[in-house]
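Novice: Here it is: the structure, laid out below.
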Amino acid sequence: MKTSIVFLLCISLFPGFSQGRVVREDETGFAECNVFFPGQVPPEGFTEPFHVKICQQYNKEPRFATLYSTKDKIPLYSAFKFTKPAQSEEENWLVEPQIDDPENDLHEMMHEADIGNTVANLGANQALTSDYVGSGYERGLLNPSVLNTEDFQVATYTLTNAVPLSPALSKSWHRDIGKVVEQVLIPHCSQTDHLYLLAGAIPSSVQVKGKVSVPESLWLAACCDAPEGWSLGLVKKIDDENSLADLTVGELEKQLLPGVHLFKGSCGEDEQSQEKREAILQAVSQIRSGEQVGKSNNPETKDQPVEKHNNPETNGWVRRVAGIIATPFVKLVELLIYIFVELVKFVFYFLWLVVKRVVGTILDGVYSLWNGMVSYLKAISMVLIRIPYDVGRVIINIFLGFLQIVQDVMSLIYRILSIPMGFVLHLAAFPYHTVCAIPSVLKDVATGIGGTFLLVIDATASVLHGFYYLACHIIKRFVPKNFSDD
Numbered sequence: 069m070k071t072s073i074v075f076l077l078c079i080s081l082f083p084g085f086s087q088g089r090v091v092r093e094d095e096t097g098f099a100e101c102n103v104f105f106p107g108q109v110p111p112e113g114f115t116e117p118f119h120v121k122i123c124q125q126y127n128k129e130p131r132f133a134t135l136y137s138t139k140d141k142i143p144l145y146s147a148f149k150f151t152k153p154a155q156s157e158e159e160n161w162l163v164e165p166q167i168d169d170p171e172n173d174l175h176e177m178m179h180e181a182d183i184g185n186t187v188a189n190l191g192a193n194q195a196l197t198s199d200y201v202g203s204g205y206e207r208g209l210l211n212p213s214v215l216n217t218e219d220f221q222v223a224t225y226t227l228t229n230a231v232p233l234s235p236a237l238s239k240s241w242h243r244d245i246g247k248v249v250e251q252v253l254i255p256h257c258s259q260t261d262h263l264y265l266l267a268g269a270i271p272s273s274v275q276v277k278g279k280v281s282v283p284e285s286l287w288l289a290a291c292c293d294a295p296e297g298w299s300l301g302l303v304k305k306i307d308d309e310n311s312l313a314d315l316t317v318g319e320l321e322k323q324l325l326p327g328v329h330l331f332k333g334s335c336g337e338d339e340q341s342q343e344k345r346e347a348i349l350q351a352v353s354q355i356r357s358g359e360q361v362g363k364s365n366n367p368e369t370k371d372q373p374v375e376k377h378n379n380p381e382t383n384g385w386v387r388r389v390a391g392i393i394a395t396p397f398v399k400l401v402e403l404l405i406y407i408f409v410e411l412v413k414f415v416f417y418f419l420w421l422v423v424k425r426v427v428g429t430i431l432d433g434v435y436s437l438w439n440g441m442v443s444y445l446k447a448i449s450m451v452l453i454r455i456p457y458d459v460g461r462v463i464i465n466i467f468l469g470f471l472q473i474v475q476d477v478m479s480l481i482y483r484i485l486s487i488p489m490g491f492v493l494h495l496a497a498f499p500y501h502t503v504c505a506i507p508s509v510l511k512d513v514a515t516g517i518g519g520t521f522l523l524v525i526d527a528t529a530s531v532l533h534g535f536y537y538l539a540c541h542i543i544k545r546f547v548p549k550n551f552s553d554d
């Protein structure tokens, strides 16, 4: 434990040890992380421009591969291999600077607190720790840390490998996937190093803080790329933490994007042994029901010492005879038990198919009936809601039309009556204007007479003044000055 704490402390002081390189478009697949796919061929069909390929590294070694959606801010899948689980688990969350700032020279994962202002648009294309704080969701790992040894485990604690999960769902996902991988997939794959795992999430329209998409469901696809290989798919619904449905990889691919192909050559899905598949599904069913899966070919059981007796030769001979006699009966009993078990399985499977078909038909009918009723009630409601509106609009239109008619009638009456009324008014006003004009005329006549009289007086005075002036001038001209003095 102390060693793990010191080790992780060193990682926090030297974040350059942990790298998560964004794969360039000119590189093939996931570059050096192609080793986590069968035949080094990544899944096909994930071709959206907002899909980013990340080669998750630690200590300059590839640890797993992730396809990240910058639109939904969650990984679509993480590809990894099983390694021996570590004894301790410490969280050490990292972010990928180049997702938000491709021109940045930080080519490796870093702690969010250590980035500061060195990355432009931090959080624009990826989720941050602040998006989860107070949301009620945990950072659930697609590639569970419990399936990885120490070096690989540190690399899993990156936000590009995390999706929003409720605490209970995150716990059940890691528990179920850990049990399935360790107790079912590993024992049934003859070459453990050839077991390839894909853990993914299907985004939904529900978002945390309007940014990070909450998965609709989680899924796991396994491929044992070895002789007598096989493949398997598992799906866990987000609304049921105890759900764990098994299905083929082909059926799983139909639930993802159109044209998705997870494994090269379907990982022998068409040629895999039916007995092998049934054994795997039975083990998965035991895990789903909470039972402990028994491990076959346990090396500890093989290495246990055989109890010795005093006479080994006699005991061996007796055992061989007893074995020869009991073998047919044992085989017969095993055959009968096998037939009985298969018969019971067939009956239950047949009943399950019948019940599934009947229930599916009933549910489809109920769903169709419900949709029809909802559509009918919606249409009726819209009609009923529009009736008062239409009636009110008709009444208003009628009232406005009546007012327009009254206005037109009044206007016509006014136009008809305006002709004689004007004449009568002018005729009635004629005496008034005539009588009122007499004082004005008399005033003008008096003014004219007075003016004429004044004009005559003024003319007479002017003539007399002229004669006076002329007489004075003549007298001054002809009368001697002396005489005038006397």
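Numbering (the numbering used here), first residue to last: 69 to 554.
From the three backbone atoms N, C-alpha and C, an ideal C-beta is built for every residue, glycine too.
With a cut-off of 8 Å, do at least 3 Cβ pairs link the stretch 265 to 281 to the stretch 217 to 224?
Specialist: No, the stretch 265 to 281 does not touch the stretch 217 to 224.
Novice: Measure the CB-CB distance between residue 148 and residue 265 and report whether it falls below 8 Å.
Specialist: Yes, Cβ-Cβ distance for residue 148 and residue 265 is below 8 Å.
Novice: Indicate whether residue 244 and residue 348 have their beta-carbon atoms separated by less than 8 Å.
Specialist: The answer is no: Cβ separation not under 8 Å.
Novice: Roughly how many angstroms separate the alpha carbons of residue 150 and residue 261, rounded to a whole number?
Specialist: For residue 150 and residue 261, the distance between alpha carbons rounds to 8 Å.
Novice: Under the assumption that residue 210 contacts residue 267 (Cβ atoms under 8 Å), give the Cβ distance between them as a whole number of angstroms.
Specialist: Yes, they are in contact, since the Cβ atoms of residue 210 and residue 267 sit about 4 Å apart, within 8 Å.
Novice: Starting from residue 132 and walking both ways along the alpha helix (DSSP H), at which residues does that stretch end?
Specialist: From DSSP, residue 132 is part of no alpha helix (DSSP H) but of the beta strand (DSSP E) over 129 to 137.
Novice: Take every Cβ of the stretch 235 to 253, pair it with every Cβ of the stretch 300 to 312, and state whether three or more of those distances are shorter than 8 Å.
Specialist: A contact exists between the stretch 235 to 253 and the stretch 300 to 312.
Novice: DSSP on residue 186, reduced to helix/strand/coil?
Specialist: Three-state DSSP puts residue 186 in coil, outside helix and strand.
Novice: Going by the beta-carbon positions, is the gap between residue 195 and residue 227 smaller than 8 Å?
Specialist: Going by C-beta atoms, residue 195 is nearer than 8 Å to residue 227.
Novice: Identify which residue in 296, 236 and 319 has its Cα closest to the Cα of residue 263.
Specialist: When each option's Cα is compared against that of residue 263, the closest is 296.
Novice: When we look at the beta-carbon of residue 178 and count the other beta-carbons within 10 Å, is it buried (16 or more) or exposed?
Specialist: Buried, because 16 or more other Cβ atoms sit within 10 Å of the Cβ of residue 178.
Novice: Could you check which residue in 138, 199 and 145 has the C-alpha nearest to that of residue 169?
Specialist: Comparing Cα-Cα distances from residue 169 to each of 138, 199 and 145, the minimum goes to 138.
Novice: Give the straight-line distance between the Cα atoms of residue 123 and residue 101, rounded to the nearest whole angstrom.
Specialist: Distance between the alpha carbons of residue 123 and residue 101 is about 6 Å.
Novice: Once the 5 residues before and after residue 327 are set aside, which same chain residues still bring their CB inside 6 Å of it?
Specialist: These residues qualify, in order along the chain: 113.
Novice: Can residue 222 be considered in contact with the ligand FMN, in the sense that its beta carbon sits closer than 7 Å to one or more heavy atoms?
Specialist: As for the ligand FMN, it is missing from this structure, which has no ligand bound.
Novice: Run the CB neighbour count on residue 309, radius 10 Å, all protein chains shown included, and call it buried at 16 or more, exposed below.
Specialist: Result: buried.
Novice: Along the chain, where does the beta strand (DSSP E) containing residue 285 start, and where does it finish?
Specialist: Where residue 285 is concerned, the enclosing beta strand (DSSP E) stretches over 280 to 292.
Novice: Around the C-beta of residue 141, are 16 or more other C-beta atoms found within 10 angstroms, so that it is buried, or is it exposed?
Specialist: Burial call: buried.
Novice: In whole angstroms, give me the CA-to-CA distance for residue 489 and residue 478.
Specialist: For residue 489 and residue 478, the distance between alpha carbons rounds to 16 Å.
Novice: Do residue 575 and residue 208 have their C-beta atoms within less than 8 Å of each other?
Specialist: Because the chain spans 69 through 554 in this model, residue 575 falls outside it and cannot be assessed.
Novice: The beta strand (DSSP E) with residue 198 in it runs from where to where?
Specialist: Premise fails: residue 198 is in no beta strand (DSSP E) and is neither H nor E.
Novice: Hey, out of 358, 394, 458 and 132, whose CA is closest to residue 248's CA?
Specialist: Among 358, 394, 458 and 132, the Cα nearest to that of residue 248 is on 358.
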